[in-house]
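Numbering (our numbering), first residue to last: 709 to 859.
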């Protein structure tokens, strides 16, 4: 939904939902690296997840920095931070707290990610190499936000 709204707005189509337009405006105020991490995450398909370490590796960040960005995500469903799990495949926290791990598990399962106990099935994890294709898409969306959208 978020990705589609950016693409529609770039083509001159009106983004009808005012709350979504406000979210796009706020996204533009984030640092470039934060915006790119969030937009890349938004392009990861249903049924797939990745790790803090893999995401950190492709952006030259530390896994803790990625965890911090996920905990500060202002749009937890539009920017699907629930798709980022620990390197041992355990789900970890959600919305900055281990208290909400059960919500994260439920969101992953609703999207078709296999979660066994507290761990994501390795077949559903994107590694560093897999993530590269989504970074290209995230870069494309970031360029659109920076150059084509006027608010």
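Each residue gets a CB set at the ideal place from its N, CA and C atoms; glycine is no exception.
Item	Value
Assuming residue 816 contacts residue 828 under a Cβ cut-off of 8 Å, what Cβ separation, rounded to an integer in Å, is found between them?	7 Å
Which complete beta strand (DSSP E) runs does the segment 744 to 792 hold, if anything under 3 residues is left out?	757 to 759
What residues in its chain sit with their C-beta under 6 Å from that of residue 765, if we drop five residues either side in the sequence?	836
Suppose the cutoff is 6 Å on Cβ atoms and the five residues either side in sequence are ignored; what does the same chain contact list for residue 845 look like?	751
In angstroms with no decimal places, state the Cα-to-Cα distance between residue 741 and residue 808.	26 Å
Which whole runs of the alpha helix (DSSP H) in the segment 800 to 843 are 4 residues long or more, in chain order?	809 to 818
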